[in-house]
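Q: Input: one structure, supplied below.
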Amino acid sequence: MQQEGRVFPPDRKTSSGAHIKSLAQYRKLYRESIENPDKFWGKVANTELVWMKPWKKVLTFKAPHAKWFAGGHLNVSANCLDKHLATGTANKAALIWEGEPAGLGAVGEERVLTYRQLHREVCLFANVLKKHGIVKGDRVIIYLPMIPEAAIAMLACTRIGAIHSVVFGGFSAQSVADRIFDCQAKMVITSDGGFRRGAIVPLKKSVDESLVLVDSTGKLLAQTINKVVVVRRTANPVHFEPGRDVWWHEEMNTVSPECPPVKMESESPLFILYTSGSTGKPKGILHSTAGYLLGATMTSKYVFDLRETDVYWCTADIGWVTGHSYVVYGPLANGATSLMYEGAPNFPEPDRFWRIIAKYGVSIFYTAPTAIRAFMKWGNEWPKKHDLSSLRLLGSVGEPINPEAWMWYHEVIGGKRCPIVDTWWQTETGSIMITPLPGATPTKPGSATLPFFGIVPEVVDDHGKPVPKNAGGKLVIRKPWPSMLRGIWGDTKRFKETYWTEVKGSYFTGDGCRQDKDGYFWIVGRIDDVLNVAGHRIGTAEVESALVSHPSVAEAAVVGRPDALKGQALVVFVTLKMGVIAHPGLRDELRKHVAKEIGPVAKPDDIRFAEALPKTRSGKIMRRLLKQVACGGEIKGDTTTLEDLSVLEKLGSSEG
Ligand code: WTA
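Numbering (the numbering used here), first residue to last: -7 to 648.
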């Protein structure tokens, strides 16, 4: 926190054109939003969203269940598309897409879809969904690379009231099957592959594998799937199952482009997005229609301060919540131009992002600290080769940004002229919660600064009491907000236990935090059993259960270790079954096994074999101690509850 003393005041140029022009104006609006939330949210719901039937009541809240804008009817795709068709936005680029193989040169593989064109594609695909029996409330899995069809499929689901669940392309066949089973999905939308760092990610092959996986009793996990729609992207050969698999491009020719948006109730489920938690099974975070859309729309407008001529680029994959709220729904609801890039930042060379910014005149750029640290490592010569003068605003999300990375981002990418919005939020919160507003909020490198309108965060102790300024504690949100999760799919008990029992009546974020004397929030990171590896949430329990499913493994414990590039690295302690002998090849085998079970994102960085794991008398693994061992530190703290003290010494000396 060496930069904590530094404060960057908002620059005049940004302030003069901004939606919110000063800290005083922010504070006034914030106060209004907190003191009279019904009036505040009621007003913005009417100005920001288009309703098919007016809502009756802003909020009904009986913790943990919230209902926002009850009685209202609306449609998300109509708010993102139809709304713009009668305006000058109709022929503006909604999506600018660049494929990875475009490589060098000015003319590459690119597609631009205006709002009118996107509307047509969405209507067509919505009719394809209907043709194959998808109706309101059905669940649809989207397992696609970063191509326009991903956004089209999402919007098409919302048009007919189907609930989408996007699965990140980096997840395994097993993960796809588990998610299909959990939400009982009827259809999968995938592609013959996607390009990533010059190679083809075989998504259809993973889907094929997922559809034959069985549970422990031998029952098919994906029993509910009867259609797979396949986008042709790479032209590599794929297996086609007659009667089950259909081509996207062929289906689109069989349907009409007329598809009126379905009236959805405010609280109708909109999508499910699986995220890691503290048990072995990812949880399906459920978002609903009106509140989510309002959160995504409002924050996009104010945090990115969207203006008519912006070219906005959020680098997140649509498989994560950031891609949902800030590649698709938020920007489109605002009539912005949203850029999508298919591939890796260092393909064919480490300047691909800077090349794209210069080529399309990107003005707003939103990425993750782990990416920023990689850019720093690759060297300043790469951004220096390109004209980045079109940039006017930078954003960061996914993990705490270290002040050094913040300064580099500010100086090398932003040319010292672009404000940085460090935005804190979660899959569960649906939209940005703590963030500077450009032009209004003075920024401090490493702090997400102040709450967005209507958000009441607080740092509390174990009893839920607010801690003094500068003291560390748990971050909770005291009051409901429109885009809050509505539950965990099929598991109300877990929803209550995970978020609403730690501090009674408040939403528990799972993050540690500190508030400074100016009221600025400094997020420390997760304090539950979730790690943040390269901006991806990985549940330790999930990796552990993947490891123990390997025939050689008896027990496993997973902890995080600080990592200069990824934020946190995954360190795994493993005990082997009787008769199995540790050998170097086994380490590799276990890493591959985790990648197969969960996906390459969860591959352990370091695997250590141990004779036993340190446990309390009640049998709980002492992660705190393992963490210290993983970090190479001395063993501190009370170890009197240890079952077998000698275990620790052996762990410390085992090689990594
Ligand atoms: C972390 C991503 C510090 C945090 C939108 C949170 C951050 C988790 C920030 C959610 C930030 C996200 N500063 N930490 N600006 N943004 N986090 O669900 O630990 O993938 O709880 O949502 O990322 O990750 P998720």
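The beta-carbon is built from N, C-alpha and C at its ideal position, and this holds for glycine as well.
These figures come from a predicted structure and were not determined experimentally.
#1: With a cut-off of 8 angstroms on the beta carbons, I'd call K466 and F500 a contact; round off their distance for me.
#2: Among R347, V230, A177 and F117, which has the Cα closest to the Cα of H241?
#3: If you follow the alpha helix (DSSP H) that K45 is in, where does it begin and where does it stop?
#4: Put V99 into one of helix, strand or coil per three-state DSSP.
#5: What number of angstroms, rounded off, separates the C-alpha of V99 from the C-alpha of H231?
#6: How about G387 and I412: are their beta carbons less than 9 angstroms apart?
#7: Applying the criterion that 16 or more other CB atoms from any shown protein chain within 10 Å of the CB defines a buried residue, is H655 buried or exposed?
#8: Which residues in the same chain as I364 place their Cβ atom closer than 6 angstroms to its Cβ, once the five residues preceding and following it in sequence are excluded?
#9: If you measure between the beta carbons of G497 and A214, is that distance less than 9 angstroms?
#10: Since V303 contacts G272 with CB under 8 angstroms, what's their CB separation in whole angstroms?
#11: How many Å lie between N326 and N83 at the Cα?
#12: May I have the straight-line CA-CA distance separating G577 from I599, to the nearest angstrom?
#13: How should V468 be labelled, buried or exposed, when 16 other C-beta atoms within 10 angstroms of its C-beta is the threshold for buried?
#14: Report yes if the C-beta of P392 is less than 8 angstroms from at least one heavy atom of ligand 1; otherwise report no.
#15: Pick from P606, L617, I405 and M332: whose alpha carbon is nearest that of G91?
#16: Please say whether I310 and V120 have beta carbons closer to each other than 9 angstroms?
#17: Use the C-beta contact count for K595: other C-beta atoms within 10 angstroms, 16 or more gives buried, fewer gives exposed.
#18: Quick check: does the Cβ of A440 come within less than 8 angstroms of any heavy atom belonging to ligand 1?
#19: In angstroms with no decimal places, state the Cα-to-Cα distance between I519 and H111.
#20: Which one of E373, M368 and Q418 has the shortest CA to CA distance from G390?
#21: Per DSSP, D555 is paired with what?
#22: Run through DSSP, which three-state label would A10 get?
#23: In the DSSP output, which residue or residues are listed as bridge partners for Q507?
#24: Tell me the DSSP secondary structure of A397 in three-state form.
#25: Ligand 1 and V313: does any heavy atom of the ligand fall closer than 8 angstroms to the residue's C-beta?
#26: Assign F53 to one of two classes, buried (16 or more other C-beta atoms within 10 Å of its C-beta) or exposed (fewer than that).
#27: Quick check on DSSP: helix, strand or coil for F173?
#28: DSSP on T608, reduced to helix/strand/coil?
#29: Could you check whether K49 and F61 sit closer than 9 angstroms to each other, using their CB atoms as the reference points?
#30: Mind the definition here: the segment 269 to 288 touches the segment 528 to 535 only if three or more C-beta pairs lie below 8 angstroms; say whether that holds.
#31: Helix, strand or coil, according to DSSP, for L429 in the structure here?
#32: What do you reckon, is the C-beta of Q418 under 8 angstroms from a heavy atom of ligand 1?
#33: Going by DSSP in three states, K128 sits in which element: helix, strand or coil?
#34: Which same chain residues, not among the five before or five after G283, have their C-beta less than 6 angstroms away from its C-beta?
#35: Determine contact between the segment 503 to 521 and the segment 448 to 458, defined as no fewer than three beta-carbon pairs at a distance below 8 angstroms.
#36: Tell me the residue span of the beta strand (DSSP E) that contains W312.
A: Let me lay it out:
#1: For the purposes of this step, residue 466 is taken as residue 474 along the sequence shown, with counting starting at 1. For the purposes of this step, residue 500 is taken as residue 508 along the sequence shown, with counting starting at 1. Right, the Cβ-Cβ distance comes to about 7 angstroms (below 8 angstroms), so this counts as a contact.
#2: Translated into positions along the sequence shown, residue 241 becomes position 249. Taking only the C-alpha atoms, the option nearest H241 is F117.
#3: In the sequence shown, the residue the question calls residue 45 occupies position 53. Premise fails: K45 is in no alpha helix (DSSP H) and is neither H nor E.
#4: Residue mapping note: residue 99 aligns to position 107 of the sequence shown, counting from 1. Residue placement at V99 cannot be trusted, given a pLDDT of 49 that sits under 50; what the coordinates show is reported in the next sentence. Three-state result, V99: coil.
#5: Taking the first residue of the sequence shown as position 1, residue 99 is located at position 107. Taking the first residue of the sequence shown as position 1, residue 231 is located at position 239. The predicted model places V99 with a pLDDT of 49, which falls under 50 and marks its position as unreliable, so this point remains unresolved.
#6: Translated into the one-based positions of the sequence shown, residue 387 becomes position 395. Translated into the one-based positions of the sequence shown, residue 412 becomes position 420. Going by C-beta atoms, G387 is nearer than 9 angstroms to I412.
#7: Since the displayed the chain opens at -7 and closes at 648, residue 655 lies outside it and no answer follows.
#8: Translated into the one-based positions of the sequence shown, residue 364 becomes position 372. Cβ within range, chain order: A397 and Y401.
#9: To locate residue 497, count along the sequence shown from 1; it is residue 505. To locate residue 214, count along the sequence shown from 1; it is residue 222. No, they are not a contact pair.
#10: One-based indexing of the sequence shown puts residue 303 at position 311. One-based indexing of the sequence shown puts residue 272 at position 280. V303 to G272, Cβ: 42 angstroms. No contact.
#11: The sequence position of residue 326 within the sequence shown is 334, counting from 1. The sequence position of residue 83 within the sequence shown is 91, counting from 1. If I take the Cα positions, the gap works out to 14 angstroms.
#12: By 1-based counting over the sequence shown, the position of residue 577 is 585. By 1-based counting over the sequence shown, the position of residue 599 is 607. One C-alpha to the other measures close to 11 angstroms.
#13: Locating residue 468 in the sequence shown gives position 476, where the first residue counts as 1. Per the 10 Å Cβ criterion, buried.
#14: As a first step, residue 392 must be located in the sequence shown, where it is residue number 400. For ligand 1, at least one heavy atom lies less than 8 angstroms from the Cβ of P392.
#15: Here residue 91 refers to the residue found at position 99 of the sequence shown. Ranking the options by Cα distance to G91, first place goes to M332.
#16: Within the sequence shown, the letter at position 128 stands for residue 120. Within the sequence shown, the letter at position 318 stands for residue 310. Their beta carbons are not under 9 angstroms apart, which means V120 does not touch I310 by this criterion.
#17: The sequence position of residue 595 within the sequence shown is 603, counting from 1. K595 comes out buried.
#18: The count along the sequence shown starts at 1 and reaches residue 440 at position 448. Answer for A440: yes, Cβ within range of ligand 1.
#19: Within the sequence shown, the letter at position 527 stands for residue 519. Within the sequence shown, the letter at position 119 stands for residue 111. When rounded, the distance between both Cα atoms is 43 angstroms.
#20: Taking the first residue of the sequence shown as 1, we reach residue 390 at position 398. Checked all of E373, M368 and Q418; the closest Cα to G390 is Q418.
#21: Here residue 555 corresponds to residue number 563 of the sequence shown, with the count starting at 1. DSSP lists G559 as partners of D555.
#22: Numbered from its first residue, the sequence shown carries residue 10 at position 18. Three-state result, A10: coil.
#23: What you label residue 507 is simply residue 515 of the sequence shown in a count that begins at 1. Its beta-bridge partners are F513.
#24: Taking the first residue of the sequence shown as position 1, residue 397 is located at position 405. Helix at A397.
#25: Locating residue 313 in the sequence shown gives position 321, where the first residue counts as 1. Yes, Cβ of V313 sits closer than 8 angstroms to a heavy atom of ligand 1.
#26: Along the sequence shown, read from residue 1 onward, the residue named residue 53 stands at position 61. F53 should be labelled exposed.
#27: Indexing the sequence shown from 1 puts residue 173 at position 181. The answer is helix: DSSP assigns F173 an H, G or I state.
#28: Start at 1 with the first residue of the sequence shown, and residue 608 comes out as number 616. Coil.
#29: Locating residue 61 in the sequence shown gives position 69, where the first residue counts as 1. Locating residue 49 in the sequence shown gives position 57, where the first residue counts as 1. Yes, these two residues count as a Cβ contact at 9 angstroms.
#30: yes
#31: As a first step, residue 429 must be located in the sequence shown, where it is residue number 437. If DSSP states are grouped into helix, strand and coil, L429 belongs with coil.
#32: Indexing the sequence shown from 1 puts residue 418 at position 426. Answer for Q418: yes, Cβ within range of ligand 1.
#33: Within the sequence shown, the letter at position 136 stands for residue 128. The answer is coil: DSSP assigns K128 none of H, G, I, E or B.
#34: As a first step, residue 283 is located in the sequence shown; it is residue number 291 there, counting from the start. Contacts found: W60, P474 and S475.
#35: yes
#36: For the purposes of this step, residue 312 is taken as residue 320 along the sequence shown, with counting starting at 1. Counting along the chain, W312 falls outside any beta strand (DSSP E), and DSSP gives it neither H nor E.
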